[in-house]
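Q: Taken in order, the sequence shown gives residues 0 to 664; the numbers are from numbering that gives the first Met the number 0. Don't be surprised by glycine CBs; every beta carbon is placed ideally from N, CA and C.
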Amino acid sequence: METLALDLRVFEAIPGCNVLVQVEDSRFTVVAVSDEFLQRTGKKKENLIGANYLESFPVTTQDPVIVSKLKESCTYVYQHKVKHQFMLQLSKNAAPGFSETIWSATHTPVLNNLGEVAFIILNSVEITEQVKAKDRETAFRDIEKAFQLFMEAPVAVCIVKGPEYIVELCNESMLRFLGRTPLIIGHPLSETLTEAKQQGLIKALDHVRSTGQPYYASVFPAEILIDGAREKRWFDLVFKPYYQDSEATEVTSIFCVAHNVTEQVMARQKIEANEQELQARVQERTAELEQQKNLLDNILANSSNGISVSEVIRDANGIVIDARTILANDAAVRFTGLPRNVYLTKTATEIDPNLVGSDYYHLCVKTLETGEPSIIQYYLEPTGKWLELTVSRMDEEHLIHIFTDVTPIKASQLDLERTIDELKRSNANLEEFAYAASHDLKEPIRKINYFSERIRGELKDSLSESQLSLFERMEHATERMRVLIDDLLEYSHVSRGVSEFEEIDLNVKVQNVLEDLELEIQEKGARIWVEPLPTIKGHRRQIQQLFQNLIGNALKYRKPDVPVEIRVSSKVIKGKDSGLSLPVHEVNQNFYLIEVEDNGIGFEKKDAERIFHVFTRLHGNTEYKGTGVGLSIAQKVVQNHKGYIRAKGEPGKGSLFQVYLPVSV
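1. For Tyr659, which of helix, strand or coil comes out of DSSP?
2. Quick check on Gly619: buried or exposed, where buried means 16 or more other Cβ atoms within 10 Å of its Cβ?
3. Determine whether the beta carbon atoms of Val567 and Leu554 lie at a separation below 7 angstroms.
4. Which word fits Asn293, buried or exposed, when buried means at least 16 other C-beta atoms lie within 10 angstroms of its C-beta?
5. Quick one: residues in its chain with C-beta nearer than 6 angstroms to the C-beta of Phe470, no 5 flanking neighbours on either side, listed in chain order?
6. For Ala667 versus Ala155, is the C-beta spacing smaller than 7 angstroms?
7. So what does DSSP say about Leu7, is it helix, strand or coil?
8. Provide the residue(s) that pair with Asp597 in DSSP beta bridges, ordered along the chain.
9. Just to confirm, is the Cβ distance from Ile503 to Ile542 under 7 angstroms?
10. Output the residue ranges of the alpha helix (DSSP H) runs that lie fully inside the segment 25-105 and measure 4 residues or longer, sorted by chain position.
11. With 16 other CB atoms within 10 Å as the buried threshold, where does Asp404 fall?
12. Measuring CB atoms only, is the segment 349-367 touching the segment 260-274, in the sense that at least three cross pairs come out at less than 8 angstroms?
13. In this structure, how does DSSP classify Ala152 when only helix, strand and coil are distinguished?
14. Within this structure, are the beta carbons of Tyr214 and Ala203 separated by less than 7 angstroms?
15. Compare the C-alpha of Arg39 against each of Asn51, Trp233, Pro14, Glu457 and name the closest.
16. Just to confirm before moving on: does the CB-CB distance between Val311 and Ala322 stay below 7 angstroms?
17. Taking three-plus beta-carbon pairs below 8 angstroms as touching, is the segment 361-374 in contact with the segment 403-420?
18. Using a Cβ-Cβ cut-off of 6 angstroms (strictly less than) and excluding sequence neighbours within five positions of Pro220, which residues of its own chain qualify?
19. Please say whether Ile644 and Gln544 have beta carbons closer to each other than 7 angstroms?
20. Go ahead and label Leu288 buried or exposed: buried means 16 or more other beta carbons lie within 10 angstroms of its beta carbon, across all protein chains shown.
21. Can you tell me which of Gly199, Arg140, Asn111, Ser172 puts its alpha carbon nearest to the alpha carbon of Phe149?
22. Quick one: is Ala279 buried, meaning 16 or more other Cβ sit within 10 Å of its Cβ, or exposed?
23. Is it right to say Gly629 is buried, meaning 16 or more other beta carbons lie within 10 angstroms of its own, or is it exposed?
24. With a threshold of 7 angstroms between beta carbons, is Asp34 in contact with chain C?
25. Return the Cβ separation of Val22 and Val29 in integer angstroms, given the expectation that the two are a contact with Cβ distance under 8 angstroms.
26. Using alpha carbons as the reference points, say which of Val81, Glu649, Pro108, Val124 lies closest to Leu87.
27. I need the DSSP call for Tyr500, collapsed to helix, strand or coil.
28. Let me know the secondary structure DSSP gives Phe118 once reduced to three states.
29. Do you know offhand how far Ser209's Cα is from Ser252's?
30. Using the C-alpha atoms, what's the distance from Val561 back to Gln600?
31. Tell me, to the nearest whole angstrom, how far the beta carbon of Ala31 is from that of Glu11; I am working on the premise that it is less than 8 angstroms.
32. Just how far apart, CA to CA, sit Ile325 and Asn316?
33. Could you say which of Gly524, Arg526, Ile550 lies nearest to Asn511 if we only look at CA atoms?
34. If Lys80 sits next to Leu110, beta carbons under 8 angstroms apart, how far is it from one beta carbon to the other, in whole angstroms?
Next comes the structure, spelled out in structure tokens:
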């Protein structure tokens with residue numbers, strides 16, 4: 000709104016009698032008027048703004064011809080979306096300041112984003128002095144006709160007056176030529192065409208006014224300022240003096256005619272330039288061909304890649320059945336391991352009978368048909384070479400092959416793949432062993448604990464304090480062993496991955512965890528805030544383990560004598576905004592960022608990754624009990640859901656765990 004108000008104030012300050020109306024059906028509502036319009040009419044701005052322009056124009060409502068003419072012009076501009084110009088002769092009954100005056104009116108449309116007329120700029124210039132010497136009715140008709148011819152003339156014409164060279168009249172051709180609007184009428188050239196002095200036009204006008212002699216200029220070069228940018232143009236100029244009456248000796252006005260010859264000049268320049276360019280190209284082309292030949296020879300000779308060109312061989316039906324190499328550089332011969340005379344004389348199937356029907360063959364045919372370059376690795380069995388080739392089409396019968404020998408890399412790749420397969424089998428065996436061992440250890444531990452309690456119960460009256468202490472230590476050790484085995488079983492279970500996902504409301508899931516930890520929360524006087532969380536796709540039991548371990552971890556590692564505070568929050572972010580090192584396809588993917596923050600003891604920055612390792616504990620068992628498996632389980636759960644987890648902390652200031660889960664799994 001401030002910008003609109005500023006625009007209206009700028010409009011009001013523009014010199015001339017100007018009115019801005021807004022088009023609403025058949026009504027033309029005044030939204031802004033220039034200061035000069037108010038001065039001439041003697042009307043107040045507040046009485047005009049919002050009124051219908053046809054009812055507010057400073058003529059009597061008894062002059063229907065004038066009102067009709069105004070309405071016709073406004074309607075024409077609104078319907079045809081083009082500028083319209085006409086003349087008005089106001090009678091002696093017109094408003095003060097307008098009585099017995101003649102005006103040149105220009106109505107200009109302003110379009111909105113939909114291409115519709117939203118506003119009309121109404122500009123009026125008084126031309127009474129030019130027509131008052133003749134009989135008013137006859138002169139008006141003659142002048143109106145002449146004015147119309149003047150305004151519609153294809154030649155650029157204008158009239159400037161006095162030593163200031165004020166623009167009195169300017170037809171549409173001249174406005175287009177100068178890149179200006181009708182608002183230049185009534186203002187000096189030095190203000191409306193600032194480049195006129197620089198181009199020597201003011202000097203030419205001074206010559207006509209001082210000598211009374213016409214000024215002619217053929218193919219006059221000038222730079223016209225159009226929309227803030229200078230455009231070079233050429234034109235033929237005629238400046239002729241005009242005297243107010245036959246006896247006058249002083250030039251009162253100057254009649255200016257400009258004929259735009261820019262296209263002719265530019266066409267002539269283009270022809271001359273083309274002739275020179277053609278001659279230069281003939282000379283350059285010969286040198287280019289020689290340079291290209293030398294360049295091609297150098298590329299083939301010095302390229303570190305093998306380069307060859309093959310010509311395809313088709314059967315009677317046009318099917319590609321073979322090919323023959325017609326060009327090959329030294330690197331191509333070296334990489335293939337083929338003697339040059341064999342490479343360039345035998346066909347592809349004679350060299351390698353396995354070629355037809357291979358992936359390489361089909362890729363070459365596809366490139367030949369579509370023109371799309373392709374890349375592939377191919378094993379050349381006759382020489383035992385692995386080649387990585389880029390295939391491009393030269394034309395419908397020729398292919399370009401650029402390749403290198405990747406035999407050592409391929410051998411390493413195959414060895415690596417075998418090693419990875421062996422590691423996968425080994426990890427699977429280890430997981431099976433860990434699961435089986437942990438499962439099988441549960442029963443012996445249960446029995447040790449059971450028999451220990453039986454023995455202590457039977458011998459309790461005869462046991463010394465030292466012996467009772469040993470029994471308690473043994474029972475504590477078996478309990479720790481049981482917890483460790485349970486954690487190992489849990490870790491082994493989540494390591495097996497997730498088979499099926501289902502819709503999980505994390506708000507409900509976190510509430511279940513808080514209910515399970517209710518006693519511990521009450522004992523430690525913990526305050527927990529849970530902001531709204533999303534619904535995701537995941538494994539229900541594993542997601543509960545994730546929040547059980549993260550919230551349980553925050554409750555465990557609290558500062559002594561300080562109430563625990565935990566906040567759980569969530570938001571959606573782009574992968575590229577996470578700060579994580581992500582693969583390319585996840586950079587623009589959306590993630591749920593779920594944060595669990597506490598005010599506990601925190602940890603050193605160097606331990607941010609280590610705390611997720613199995614059995615890693617940053618504190619002794621006497622300080623904080625645990626097995627060091629909980630966060631490892633949390634990390635495994637997040638990985639099973641194709642997400643990421645990281646921890647931030649500072650000693651004495653708490654911890655922050657950030658979980659990134661993809662919005663669509």
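A: This is what the structure holds:
1. strand
2. Since pLDDT at Gly619 reaches only 44, below the 50 mark, its modelled position is unreliable, and no value is offered.
3. no
4. exposed
5. Arg455
6. The chain is shown only over 0 to 664; residue 667 falls outside these bounds and no answer can be derived.
7. helix
8. Ile565
9. yes
10. 34-40, 44-47, 52-55, 63-79
11. buried
12. no
13. coil
14. yes
15. Pro14
16. yes
17. no
18. Trp233
19. no
20. exposed
21. Ser172
22. exposed
23. buried
24. The chain inventory of the structure shown lacks chain C, comprising one protein chain alone.
25. Not really, about 12 angstroms apart at Cβ, beyond 8 angstroms.
26. Val124
27. For the record, residue 500 in the displayed sequence is Phe; it is not Tyr. Residue state, collapsed to three classes: coil.
28. strand
29. 12 angstroms
30. Note that residue 600 is Ile in the sequence shown, not Gln. Rounded to the nearest angstrom, the two C-alpha atoms are 10 angstroms apart.
31. 6 angstroms
32. 23 angstroms
33. Ile550
34. 7 angstroms
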